[in-house]
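If you read the protein sequences in the order shown, they are chains A and B.
Heads up: the first sequence runs through residues 725 to 1090, numbered per the working numbering.
Heads up: the second sequence runs through residues 698 to 1026, numbered per the working numbering.
By construction, the Cβ of each residue, glycine as well, lies at the ideal position given by its N, Cα and C atoms.
In this text, all values refer to a predicted model and were calculated from it rather than measured experimentally.
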Amino acid sequence: MPFVQPQVPLTRYLQADGQPLGELPACAENTEQLRVLYRQMLLTRLFDQKAVALQRTGRIGTYAPTLGQEAIGVVLGSLMHAEDVLVPYYRDTAVQLLRGVRMEEILLYWGGDERGSAYADPAVAEDFPPCVPIATQALHACGVASAFRIRGQARVAVTTCGDGATSKGDFLEALNVAGAWQLPVVFVVNNNQWAISVPRHLQCAAATLAQKALGAGIPGEQVDGNDVLALHECLGRALQRARQGKGPSLVECLSYRLGDHTTADDASRYRDSAQVRQAWEAEPLRRLQRFLAARGAWDEAHEQACVADCQARIEAAVARFDAITAPSPESLFEHVYARWPAALAEQRDAWRERMAQRPAGGPVDE
Amino acid sequence: MNDTTRYSLLEAVNLALHRAMRDDPEVLVLGEDVGVNGGVFRATAGLREAFGARRVIDSPLAETMLAGVAVGMAAQGLRPVLEIQFLGFIYAAMEHLISHASRLRNRTRGRLSCPLVVRSPMGAGIRAPEHHSEAVEALFAHIPGLRVVVPSSPARAYGLLLAAIDDPDPVLFLEPTRLYRMNPQPLSDDGRRLPLDSCFTLREGSDLTLLSWGASIHECLQASRQLAEQGVSVELLDVACLKPLDMASLEASVRKTGRCLIVQEAPQSAGLGAEIAASLYERCFLDLQAPIQRLAAADIPPPLYRLEPLYMHSVADIVAACRQLLAQP
């Protein structure tokens, strides 16, 4: 008998040009909400551009652009409740901004300062910082969701990752335990077709990444990750399901990484520019913009006003970022343990002595 | 219950877990076979009955998952005590312990933390199958943000485990398998904690300092007694807390005796013995009457059990090494 790939549903409501494919879901009627989402996507894109520019001019370090994936993060962030917990990966500027992480904190983090993950807003006090070791965050989300279940709280842990992460044991072990324990967790896969230079088809022989959920006994589905209406439906369902105690689910959001992997990468080395041009045709902002414009809910004046507003907010955040002075040298030791162990006091003393012997002007070599 | 019933090290661990779970509703136990079965060594026996399946959790068989889930639980303020069935199976959990548990506090400037305990049986000498006899404490003692503790008596197992569960940071609690059921000792369930960064002087002496931890303490105690009968006064210290090391106490002893033998069950190269010896040389080289010596396993994997006794050091090996050290001018 020939092998047949398992089937999972794919949801899409809008064509790349913003035209409806057929009957639209209820959320399509809420024009004001869609405008809010559009504005947030625009803010995310402009902030992302700014972060790349700051890296190019040496004002922050390596940054992972979210270009092309704004819809996934913005819809997800708008649907999560404040009391939920986000356990993100490193390409999650869109969700983080909506959760309450401040722009200057995101810049601080990528600008080489741990205070960028200290999050001043109490709304994000329990959210995890961006996770760099691939897919490990999926298990942390399961631990957070376990805590919710143990304490009987109607909260959801949401974790994100890319397509490459779904190849890792951590991801599969997370799906497995989430199913075994019926945890209130939602796995959101940003399938942007690339894991640095490795394309989706070399990552895995499964026809969809969503079908990996089926082996763990939990639902998995695909959604057009550039279609705000479809995302709203699918992610909303997954969150509600988890919140109501009906168990975990996996949503694979199909999108495209329009930028480089990070600012340290040059994607033109390994991918065809024609493919990227084609992906731009399907990008999420223009799709929603055209949909709104067709309903008379968005025009060039709206766009210009919104861009100006976003730019002002971004510039204000950059000014706040610039005003943050370097962390104190002693802070290197402050949070390794709750209290620096007395048994290691001599190490810190020796370090202080070395720093004191360095020429005036600070502890860093010129 | 303040009587002084005799407890084995294993029973002391069990007693401490019962007390910790009774005293703090945030403490929970998770691992493979820890619930209904009470653990393959029975370290968690009775916990499920006493505290229920919600707090004593039988997990799927996946060590990476266990450590990762414990990180998430701990970040939420729970105090997971997770069991890795044998230390030889901990490698799959290491990324979470090293890249996340040990760093979560630091990378969030104290916003999130990771108060978890990893318990695992450690060491050779129980004629166990392959991969059940490892002593790889040094892999963890290298990691900033972790604490590594190895008890070697029922009382220390009890007091150190309670302290480890209280501690706001991740602690690796490595239980010497060979001592699990050996020599039950009087112990009162009084909830008293022992410090997590102090060594323990088991025997005072003046001729030589003997440093060890874990199951080797058993042979070191016997060797000290034999040497005492021969008129040699050995000071025996259980290092116990391998990260951070209580170098001040170790130094004080070596300054006093001028001679030091470090007994380490694990292979020699880059083991804890090397760190201890190097620190002692930095601190009290001029007080030494002879070079510090290490008695460690050779750099070979723990063998299957037919040749296990040849891999491990005997009481006679320790006595001989002490004699050699004393013979130097």
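Query: Determine the direct distance from the alpha carbon of L908 of chain B to that of D772 of chain A, and round the result to whole angstroms.; Result: 57 Å
Query: Would you check if there are 3 or more beta carbon pairs closer than 8 Å linking the stretch 986-997 of chain A to the stretch 953-960 of chain A?; Result: no
Query: Beta-carbon within less than 6 Å of L758 of chain B's beta-carbon, same chain only, minus the 5 sequence neighbours each way: which residues are those?; Result: E729
Query: On the three-state DSSP scale, how would you describe F982 of chain B?; Result: helix
Query: Within the continuous beta strand (DSSP E) that includes L714 of chain B, where are the two ends?; Result: Note, L714 of chain B: premise wrong, no beta strand (DSSP E); alpha helix (DSSP H) at L706 to D720.
Query: Report the residues of the stretch 1061-1073 of chain A with a CB closer than 8 Å to any CB of chain B, ordered along the chain.; Result: Y1061, A1062, P1065, A1066, A1067, L1068 and E1070
Query: From Q773 of chain B to E850 of chain A, what does the alpha carbon distance come to, in whole angstroms?; Result: 7 Å
Query: By the criterion of Cβ-Cβ separation under 7 Å, what are the contact partners of E897 of chain A in chain B?; Result: A759, T761 and M762
Query: Distance cutoff 7 Å, beta carbons only. Does E838 of chain A sit that close to anything in chain B?; Result: yes
Query: Taking 7 Å as the CB-CB cut-off, is I1048 of chain A touching chain B?; Result: no
Query: I need the DSSP call for E723 of chain B, collapsed to helix, strand or coil.; Result: coil
Query: Quick one: grab the DSSP three-state call for Y787 of chain A.; Result: coil
Query: Counting pairs of beta carbons, one from the stretch 978-988 of chain B and one from the stretch 882-899 of chain B, are three or more of them closer than 8 Å?; Result: no
Query: Please name the residue in B:Q927, B:D894 and B:M762 whose C-alpha comes closest to that of A788 of chain B.; Result: Just to set this straight, residue 788 of chain B is Tyr in the shown sequence, not Ala. Comparing Cα positions, the closest option is B:M762.
Query: Given that T805 of chain B touches chain A, what residues does it touch there, using C-beta distances under 9 Å?; Result: E838, S841, A842, Y843, F852, P853 and H1059
Query: Identify the contact partners of V868 of chain A in chain B, using a Cβ-Cβ distance below 7 Å as the criterion.; Result: G769, A772 and Q773
Query: Mind checking which residues open and close the alpha helix (DSSP H) that includes R873 of chain A?; Result: T860 to I874
Query: Quick one: give me the first and last residue of the alpha helix (DSSP H) that S950 of chain B is part of.; Result: M944 to T954
Query: Leaving aside the five residues before and after L770 of chain A along the sequence, list all residues of the same chain whose C-beta is less than 8 Å from its C-beta, in chain order.; Result: V1031, C1034, Q1035 and I1038
Query: Which same chain residues end up closer than 6 Å to L706 of chain B when comparing Cβ atoms and leaving out the 5 residues on each side of it in sequence?; Result: P851, A854, L876 and Y877
Query: Identify the contact partners of E792 of chain B in chain A, using a Cβ-Cβ distance below 9 Å as the criterion.; Result: P857, T860 and D894
Query: Under 7 Å, Cβ to Cβ, is there at least one residue of chain A near D943 of chain B?; Result: yes
Query: For Q1025 of chain B, is the classification buried or exposed, using 16 other Cβ atoms within 10 angstroms of its Cβ as the cut-off for buried?; Result: exposed
Query: Residue range of the beta strand (DSSP E) that P818 of chain B falls in?; Result: V814 to M819
Query: Applying the 10 Å Cβ sphere with the 16-neighbour rule, what's the burial state of N734 of chain B?; Result: exposed
Query: DSSP puts Q882 of chain B in a beta bridge; with which residues?; Result: B:Y704
Query: Strictly below 8 Å CB to CB, what residues from chain A border S950 of chain B?; Result: Within 8 Å Cβ-Cβ: nothing; S950 of chain B doesn't reach chain A, min ~15 Å.
Query: Using C-beta distances below 6 Å, list every residue in its chain close to Y1002 of chain B, excluding the 5 sequence neighbours before and after it, in chain order.; Result: R824
Query: What number of angstroms, rounded off, separates the C-alpha of V753 of chain B from the C-alpha of R1082 of chain A?; Result: 53 Å
Query: From the DSSP output, which residues share a beta bridge with C1134 of chain A?; Result: Here chain A has residues from 725 to 1090 only, and residue 1134 of chain A is not among them.
Query: To the nearest angstrom, how far is it from the Cα of I858 of chain A to the Cα of F837 of chain B?; Result: 22 Å
Query: For S909 of chain B, report the span of its alpha helix (DSSP H) as first-last.; Result: Counting along the chain, S909 of chain B falls outside any alpha helix (DSSP H), though it belongs to the beta strand (DSSP E) covering L905 to S909.
Query: My output table needs one value for T874 of chain B: the three-state DSSP class, helix, strand or coil.; Result: helix
Query: Extract the residue ranges of the beta strand (DSSP E) inside the stretch 738-815 of chain A, only unbroken runs of 3 or more that lie entirely within it.; Result: 809-811
Query: Less than 8 Å between the CB atoms is what I'm expecting for L942 of chain B and A1067 of chain A, so what's the real figure, rounded?; Result: 6 Å
Query: The beta strand (DSSP E) with I959 of chain B in it runs from where to where?; Result: C957 to P964
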